[in-house]
Amino acid sequence: MAESKPMKTDEENAIDRLSSLPDSVLFHILSFLPTKTCVSTITLISHRYLHLWKHLQVFEFHDDSQYPFEETERLKTFAAFVNSVLTLRKSRDIRKMRLSGAYSLSDTLYTNSFDTWIRAAIGPYLEELHLFIFPVDGDQFPPPPSLFTCPNIVSLSLCGGILLPLKHSSVVRLPSLKTLKLDICYEDVDSVDVLLSGCPILETLDLSFAPKSFSNIRMPRSLKMLKFTVDNNIGVCLGKLDAPNLNYLIINHVTFSSIGDLHNVLEAHLDVFPPPSQSASVESLLKLLQALSKITYLFMGVLTIKVKLGFQGYVDEVRFAEYILRNGLVLKNMIIVNALMDLKKKDSVIKKLSDIPRGSAICKLQFDSAASP
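Mapping of the sequence shown onto this note's numbering: position 277 corresponds to residue 278, and the numbering continues sequentially without gaps.
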């Protein structure tokens with residue numbers, strides 16, 4: 002009588018299913034995993050995969066050590082692992098790389114390692130690069146200039162302690178870049194402007210930094226989504242915002258001196274931080290609201306406790322005041338400057354606005370005939 006074969010376990014069945022997959026599918030699966038996981042576990046599944054990781058074109062290296070001087074050995078281990086992977090790989094072409102770790106100018110292990118690793122990724126096949134630096138003692142890492150001339154990179158993310166070494170004479174050519182994220186500590190606005198000038202088809206821009214200067218940033222007209230946050234205590238007023246293809250706008254602590262074409266914006270989140278001139282902040286906000294003619298969703302978080310409106314009692318002006326009264330949930334004071342209204346119109350406007358239900362229970366409505374608009 003023939004002996005029955007033992008039943009395979011679920012784990013063995015899973016391994017068999019993996020073994021039947023073509024390499025292209027396995028590479029795609031591995032592209033979603035940290036490189037350390039790929040190298041350490043894939044060989045446990047099957048001998049067939051012993052050298053499979055050497056053909057990867059997508060890498061993710063992450064060192065969560067934020068206090069490197071206390072963990073020198075850990076850094077050396079991390080650096081040795083990254084160096085080994087990049088040295089032993091069979092494919093010279095890196096398509097995607099995510100790299101994060103601590104950085105210090107006082108240790109050549111940091112400076113040499115990060116520069117070498119990023120240069121290994123730079124080339125005509127690079128499509129995505131995501132770099133996050135933990136700055137040690139405020140030290141910032143300057144990416145190699147060749148990064149800013151990658152012809153096929155589509156997505157670039159530079160976060161943490163990174164310094165953009167860009168001048169007006171710098172060469173920036175990123176003809177394929179569609180998504181750019183800059184979340185950096187301190188940066189000169191001119192460097193950001195130079196970078197953006199070399200991105201002709203940029204669609205998604207996420208900016209977050211504390212500017213050292215207040216020069217103009219020329220936003221690419223190709224933008225479809227803009228998120229702009231200024232990390233300081235006074236906000237910033239920049240130049241012209243002109244983005245005819247923009248669909249989504251999110252700004253925090255930012256205003257613009259002039260507004261161009263924004264007729265395609267459908268959704269906006271506006272958290273405007275007033276610069277030293279309070280009236281300029283309100284004026285620029287009103288210009289921005291007027292330009293958002295096709296908007297379907299608007300969120301406003303204006304850090305202003307007093308709104309001053311100068312108008313002559315026109316229907317659209319009264320409607321605007323009504324909207325602010327109804328929807329200003331934290332509004333404390335509304336002062337309407339009515340120097341140009343006659344008494345009859347003034348009484349009519351006072352009665353109409355006084356009867357409006359207010360979004361803020363503490364809002365006070367005041368008419369100031371003496372003040373000028």
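Positions of the beta carbon are idealized from the N, C-alpha and C atoms, including for glycine.
From the options, pick the residue whose C-alpha is nearest to that of residue i; which is it?
i, options, result
"Asn248", "Leu239, Leu263, Ser258, Val237", "Leu263"
"Cys151", "Glu61, Leu127, Asp140", "Leu127"
"Leu203", "Pro144, Arg96, Pro176", "Pro176"
"Lys97", "His29, Leu206, Ser349", "His29"
"Thr95", "Ser85, Lys37, Ile154, Asp116", "The residue asked about is misnamed: residue 95 is Ile in this sequence, not Thr. Of the listed residues, the one whose Cα sits closest to Ile95 is Ile154."
"Leu100", "Phe62, Ile123, Ala122, Phe135", "Phe62"
"Asn265", "Thr297, Val59, Leu132, Ser209", "Thr297"
"His169", "Ser198, His254, Leu287, Thr109", "Ser198"
"Lys182", "Gly161, Leu167, Val172", "Gly161"
"Ile185", "Pro136, Leu76, Leu34", "Pro136"
"Val319", "Leu250, Leu354, Asn334, Pro358", "Leu354"
"Glu284", "Met301, Ala269, Phe257", "Phe257"
"Asp108", "Ala80, Arg93, Gly124, Asn84", "Ala80"
"Gly261", "Leu293, Thr88, Pro166", "Leu293"
"Arg93", "Ser85, Leu106, Thr112, Leu57", "Leu57"
"Val40", "Pro23, Tyr324, Leu87", "Leu87"
"Ala211", "Ser192, Tyr324, Leu227", "Ser192"
"Glu323", "Lys352, Leu286, Leu208", "Lys352"
What is the DSSP secondary structure of residue i, reduced to helix, strand or coil?
i, result
"Lys225", "coil"
"Pro136", "strand"
"Asp356", "coil"
"Gln435", "Given a span of 2 to 374 for the chain in the structure shown, any question on residue 435 remains unanswerable."
"Asn113", "helix"
"Glu1", "The requested residue 1 does not occur in the structure, where the chain is confined to residues 2 to 374."
"Ser85", "helix"
"Asp348", "helix"
"Ala121", "helix"
"Leu175", "coil"
"Ile363", "coil"
"Ser280", "Model confidence at Ser280 stands at a pLDDT of 47, short of 50, so the residue's coordinates are unreliable; what they give is reported in the following sentence. The answer is helix: DSSP assigns Ser280 an H, G or I state."
"Val331", "coil"
"Ile30", "helix"
"Lys182", "strand"
"Leu263", "coil"
"Leu250", "strand"
"Leu239", "strand"
Could you pull out every residue in the same chain whose Cβ sits closer than 8 Å to the Cβ of residue i, ignoring the five residues on either side in sequence?
i, result
"Gly360", "Leu326, Arg327, Asn328, Gly329, Leu330, Leu332"
"Asn217", "Val190, Asp194, Leu239, Gly240, Lys241"
"Phe115", "Leu100, Gly102, Tyr104, Ile134, Phe142"
"Met342", "Gln313, Gly314, Val350"
"Ser259", "Gly240, Lys241, Leu242, Lys288"
"Asn233", "Ala211, Pro212, His254"
Which first and last residues belong to the alpha helix (DSSP H) in which residue i is found?
i, result
"Ala269", "Run containing Ala269: none in the alpha helix (DSSP H); it sits in the beta strand (DSSP E), 268-272."
"Glu61", "Where Glu61 is concerned, there is no enclosing alpha helix (DSSP H), although the beta strand (DSSP E) it sits in stretches over 59-63."
"Asn328", "316-328"
Could you tell me how far apart the beta carbons of residue i and residue j are, in whole angstroms, since I believe they sit closer than 8 Å?
i, j, result
"Phe385", "Leu196", "The displayed coordinates of the chain run from 2 to 374. Any statement about residue 385 would go beyond what the structure contains."
"Leu206", "Leu224", "6 Å"
"Lys288", "Leu267", "Actually they are not in contact, since the Cβ atoms of Lys288 and Leu267 sit about 19 Å apart, beyond 8 Å."
"Leu132", "Leu76", "In fact, because the Cβ distance is near 17 Å, the residues do not count as touching under 8 Å."
"Lys91", "Lys37", "In fact, because the Cβ distance is near 18 Å, the residues do not count as touching under 8 Å."
"Ile119", "Pro146", "No, Ile119 and Pro146 are not in contact; Cβ-Cβ is about 11 Å, not under 8 Å."
"Pro245", "Arg222", "6 Å"
Please work out which residues of its chain come closer than 7 Å, Cβ to Cβ, to residue i, disregarding the five sequence neighbours upstream and downstream, and give them in chain order.
i, result
"Gln291", "none"
"Ala122", "Ile95, Met98, Leu130"
"Cys200", "Leu175, Leu178, Leu181, Pro221"
"Ile363", "Lys333"
"Ala281", "Since pLDDT at Ala281 reaches only 49, below the 50 mark, its modelled position is unreliable, and no value is offered."
"Pro358", "Arg327"
Between which residues of its own chain and residue i is the CB-CB distance below 6 Å, once the five residues before and five after are set aside?
i, result
"Ser156", "Glu129, Thr180"
"Leu164", "Gln141, Pro143"
"Val231", "Val237, His254, Val255"
"Ser158", "His131, Lys182"
"Met301", "Leu271"
"Leu106", "Asp140"
Just curious, the beta strand (DSSP E) that residue i is in, first and last residue?
i, result
"Ala244", "Here Ala244 belongs to no beta strand (DSSP E), and DSSP marks it neither H nor E."
"Val255", "255-260"
"Phe300", "298-301"
"Ser192", "Element bounds for Ser192: not the beta strand (DSSP E) but the alpha helix (DSSP H), 190-198."
"Cys160", "156-161"
"Ile336", "334-338"
"Asp102", "Checking the sequence shown, residue 102 turns out to be Gly, not Asp. Looking at the DSSP string, the run of the beta strand (DSSP E) that includes Gly102 is 97-104."
"Leu208", "205-212"
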